[in-house]
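Colleague: Here it is, the structure, as structure tokens.
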Amino acid sequence: MPHDPVPGLLSSATEMLEKQFAALPAFESAADPSAMARVLEDVALKLGDNYPYFHPLYAGQMLRPPHPVARAAYALAMTINPNNHARDGGRASSEMEIEAVRQIAGIFGWTEYLGHLTSSGTIANLEALWVAGQLAPSKRVVGSEQAHYTHRRISAVLKLEYASIAADRGGRMSMEALETELSKGDVGTVVVTLGTTALGAVDSLAEILALRSRYNFRVHVDAAYGGYFRLISLSEPARRAYAVIDQADSIVVDPHKHGLQPYGCGCVLFRDPAVGRFYKHDSPYTYFTSKQLHLGEISLECSRAGASAVALWATQRLLPLVPEGEFAHGLAHSRRAALDLDRRLREDKSGRFQPLAAGAPDLDIVVWKINAKMPELHPTDKDLSVGIPKLSSGLAQKIFSACAARDLHLALVQLPTAWFDPDAELNPQNCAANGAGLVTCLRSVLMKPEHEAWMDRIWERLTMSCAEVMGEYRS
Ligand SMILES: *Cc1c(COP(=O)(O)O)cnc(C)c1O
4 MPHDPVPGLL SSATEMLEKQ FAALPAFESA ADPSAMARVL EDVALKLGDN YPYFHPLYAG
64 QMLRPPHPVA RAAYALAMTI NPNNHARDGG RASSEMEIEA VRQIAGIFGW TEYLGHLTSS
124 GTIANLEALW VAGQLAPSKR VVGSEQAHYT HRRISAVLKL EYASIAADRG GRMSMEALET
184 ELSKGDVGTV VVTLGTTALG AVDSLAEILA LRSRYNFRVH VDAAYGGYFR LISLSEPARR
244 AYAVIDQADS IVVDPHKHGL QPYGCGCVLF RDPAVGRFYK HDSPYTYFTS KQLHLGEISL
304 ECSRAGASAV ALWATQRLLP LVPEGEFAHG LAHSRRAALD LDRRLREDKS GRFQPLAAGA
364 PDLDIVVWKI NAKMPELHPT DKDLSVGIPK LSSGLAQKIF SACAARDLHL ALVQLPTAWF
424 DPDAELNPQN CAANGAGLVT CLRSVLMKPE HEAWMDRIWE RLTMSCAEVM GEYRS
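Under this note's numbering, the first residue of the sequence shown carries the number 4, and numbering increases by one thereafter.
Structure below.
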């Protein structure tokens with residue numbers, strides 16, 4: 004583990020915080036330091052049973068520790084434990100939330116909006132779909148089959164009918180399949196994912212907005228993972244989608260994914276502040292832009308961690324959310340790491356790797372399948388009888404484990420086999436949602452800036468593991 008700056012940061016900041024309450028009569032805490040130290044040792048021993056999410060060789064799921072300044076600010080806030088439900092629970096942290104959320108809205112070019120933090124992306128999406136349902140109670144919600152699985156569940160909770168739209172071989176919503184649904188005339192909301200959880204694929208927002216003027220529906224952008232990528236330059240077609248994100252009706256972004264925050268920090272934004280009326284009926288619109296806003300009155304949740312807002316505010320103070328800033332450069336490193344890995348997979352002469360046929364990744368997530376037709380594998384008749392996709396899935400599983408034995412942690416994902424074959428017929432009915440023709444692939448989320456500099460070491464471990472599993476490894 005690298006040197007931890009947090010204890011040092013905390014001791015001087017804690018002193019400064021304590022000074023402000025020094026006029027109060029002194030009292031002793033009942034907590035026993037030596038008993039706590041023993042318990043904390045037990046905690047440290049237990050926490051060793053984790054993957055090393057902090058390390059550049061952890062390149063699996065969307066997991067990473069928060070920025071040290073976020074961790075320190077959160078810990079400092081914990082001596083107070085503010086509750087951002089109302090001003091009584093957290094005066095300072097409510098102001099910090101309003102400021103931090105304004106900066107997030109600024110990424111999307113919004114200056115007038117309604118927005119707040121939530122305890123997660125799921126709750127943020129729930130609020131967005133709840134508002135959508137209030138506006139069009141009898142209409143359907145649709146999202147691509149690669150949209151986050153919680154949209155279907157959220158819709159069920161809200162008693163809104165939900166339908167999945169097929170995805171194309173890049174994992175983006177199929178425009179043809181979407182228009183088929185829209186033409187039925189009962190779609191109230193389209194969930195557009197900017198950065199799908201599995202692939203980091205970016206749905207074609209510009210084309211979907213063009214359909215909105217024909218079919219009149221609400222556009223909810225789920226950018227829980229990908230929202231911050233608005234700050235860096237991307238390739239087509241993702242660039243085109245991000246360029247029009249300000250025209251969405253609502254946007255969700257997760258500071259606890261790419262925003263360097265501890266868990267418990269999602270964010271929902273509405274373009275029209277007037278939707279605040281659904282949260283509090285008897286308030287005029289002006290109430291929600293007044294100085295004395297209680298965040299609990301524009302939030303479905305009641306108690307919320309004020310510390311989340313404090314940590315987010317501190318992080319954005321240190322690393323402003325601007326293009327070309329240090330924060331944006333971090334995202335650009337991640338993106339370059341993904342392009343580097345994708346290029347290595349495509350250029351690898353052995354032919355053992357099969358990246359997505361649709362081309363390079365939109366963001367910083369790379370997926371590839373293992374080519375089970377390699378002659379070196381000498382598949383037996385019995386092997387072949389299980390079928391190539393099954394063989395490929397088994398190899399991916401084994402390589403995943405062999406990498407883990409070398410401290411390289413990847414992830415696995417199931418995708419339609421046809422997405423890896425440029426010649427395969429894509430039948431919208433034969434989509435992943437129907438469970439047809441799936442293959443287990445390797446997946447790497449390269450969300451730490453360090454991943455770029457570590458790519459040689461990641462690649463070495465991947466290729467060694469692959470050679471070992473595929474039976475060519477001689478050491
Ligand atoms: C992670 C994610 C979610 C869910 O957010 P949580 O914070 O895990 O509840 C929703 N949508 C997308 C696209 C995501 O990547």
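Virtual Cβ for every residue (Gly too), placed ideally from N, Cα, C.
Just reading off the beta strand (DSSP E) that Arg90 is part of, what are its end residues?
Modeller: Reading the sequence shown from its first residue, position 87 is the one you call residue 90. Run containing Arg90: none; DSSP gives neither H nor E here.
Colleague: Just checking His151 against ligand 1 - is the residue's beta carbon closer than 7 Å to any of the ligand's heavy atoms?
Modeller: Sequence index remark: in the sequence shown, residue 151 carries index 148 (1-based). Yes, ligand 1 has a heavy atom inside 7 Å of this Cβ.
Colleague: Could you say which of Cys270, Asp345, Leu129, Ala317 lies nearest to Leu445 if we only look at CA atoms?
Modeller: Position 442 of the sequence shown holds residue 445. Checking every option, the nearest Cα to that of Leu445 belongs to Asp345.
Colleague: Please check the pair Val194 and Val145, which I expect to be a contact at CB under 8 Å, by giving their CB distance rounded to whole angstroms.
Modeller: Along the sequence shown, read from residue 1 onward, the residue named residue 194 stands at position 191. Along the sequence shown, read from residue 1 onward, the residue named residue 145 stands at position 142. Confirmed, about 7 Å.
Colleague: Quick one: grab the DSSP three-state call for Trp462.
Modeller: As a working mapping, residue 462 is identified with position 459 in the sequence shown. Three-state result, Trp462: helix.
Colleague: Apart from the five residues just before and just after Phe423, which ones in its own chain have a Cβ nearer than 7 Å to its Cβ?
Modeller: Here residue 423 is taken as the residue at index 420 of the sequence shown, counted from 1. Result list for Phe423: Gln357, Leu359, Ala360, Lys372, in chain order.
Colleague: Nearest-angstrom Cα distance between Met2 and Val190?
Modeller: The chain is shown only over 4 to 478; residue 2 falls outside these bounds and no answer can be derived.
Colleague: Which of helix, strand or coil does DSSP assign to Trp133?
Modeller: Here residue 133 corresponds to residue number 130 of the sequence shown, with the count starting at 1. Three-state result, Trp133: helix.
Colleague: Does ligand 1 have a heavy atom nearer than 7 Å to the CB of His261?
Modeller: Translated into positions along the sequence shown, residue 261 becomes position 258. Every heavy atom of ligand 1 is 7 Å or more from the Cβ of His261, so no.
Colleague: Is Pro323 helix, strand or coil when you go by DSSP?
Modeller: To locate residue 323, count along the sequence shown from 1; it is residue 320. It is coil, neither helix nor strand.
Colleague: Measuring straight from C-alpha to C-alpha, what distance separates Glu100 and Val72?
Modeller: Walking along the sequence shown from the start, residue 100 turns up at place 97. Walking along the sequence shown from the start, residue 72 turns up at place 69. So the alpha carbons of these two residues sit roughly 16 Å apart.
Colleague: Write down the C-beta distance between Lys352 and Pro59 rounded to the nearest angstrom, noting that I regard them as a contact closer than 8 Å.
Modeller: If you number the sequence shown from 1, residue 352 lands on position 349. If you number the sequence shown from 1, residue 59 lands on position 56. Not a contact, Cβ separation roughly 26 Å.
Colleague: Rounded to the nearest angstrom, how far is the Cβ of Leu120 from that of Cys270, given a contact under 8 Å?
Modeller: Indexing the sequence shown from 1 puts residue 120 at position 117. Indexing the sequence shown from 1 puts residue 270 at position 267. 5 Å between Cβ atoms; contact.
Colleague: Would the C-beta of Tyr228 count as close to ligand 1, meaning under 7 Å from any of its heavy atoms?
Modeller: Position 225 of the sequence shown, counting from 1, holds the residue named residue 228. Correct: Tyr228 has its Cβ closer than 7 Å to ligand 1.
Colleague: Pairs of beta-carbons, one from the stretch 74-89 and one from the stretch 310-323, closer than 8 Å: are there three or more?
Modeller: Flag = yes, the stretch 74-89 and the stretch 310-323 touch.
Colleague: Kindly say whether Ala201, judged by its beta-carbon, lies nearer than 8 Å to any beta-carbon of chain C.
Modeller: The chain inventory of the structure shown lacks chain C, comprising one protein chain alone.
Colleague: Helix, strand or coil for Trp422, going by three-state DSSP, please let me know.
Modeller: Position 419 of the sequence shown, counting from 1, holds the residue named residue 422. Three-state DSSP puts Trp422 in a helix.
Colleague: Helix, strand or coil: which one does DSSP assign to Gly269?
Modeller: For the purposes of this step, residue 269 is taken as residue 266 along the sequence shown, with counting starting at 1. Of the three classes helix, strand and coil, the one that applies to Gly269 here is strand, per DSSP.
Colleague: Can you find a heavy atom of ligand 1 that lies under 7 Å from the Cβ of Thr82?
Modeller: Against the sequence shown, residue 82 aligns to sequence position 79. Not under cutoff, so the answer is no.
Colleague: Does the beta carbon of Thr196 fall short of 7 Å from some heavy atom of ligand 1?
Modeller: What you label residue 196 is simply residue 193 of the sequence shown in a count that begins at 1. Result yes, Cβ under 7 Å from ligand 1.
Colleague: Can you check whether the CB of Leu449 is closer than 8 Å to the CB of Asp365?
Modeller: As a first step, residue 365 must be located in the sequence shown, where it is residue number 362. As a first step, residue 449 must be located in the sequence shown, where it is residue number 446. No.
Colleague: Tell me, to the nearest whole angstrom, how far the beta carbon of Thr420 is from that of Gly440; I am working on the premise that it is less than 8 Å.
Modeller: What you label residue 420 is simply residue 417 of the sequence shown in a count that begins at 1. What you label residue 440 is simply residue 437 of the sequence shown in a count that begins at 1. About 5 Å separates the two Cβ atoms, so the contact holds.
Colleague: For Val416, which residues of its own chain have a beta-carbon under 7 Å away from its beta-carbon, when the five flanking residues on both sides are left out?
Modeller: Here residue 416 is taken as the residue at index 413 of the sequence shown, counted from 1. Counting only Cβ-Cβ distances below 7 Å, and skipping sequence neighbours, we find Ala201, Val370, Cys444, Arg446.
Colleague: Taking the alpha helix (DSSP H) that Tyr77 falls in, what are its first and last residues?
Modeller: Counting from 1 along the sequence shown, the entry for residue 77 is found at position 74. That run of the alpha helix (DSSP H) goes 71-81.
Colleague: Check whether the stretch 235-253 touches the stretch 199-217, taking contact to mean three or more Cβ pairs, one atom from each stretch, closer than 8 Å.
Modeller: Flag = yes, the stretch 235-253 and the stretch 199-217 touch.
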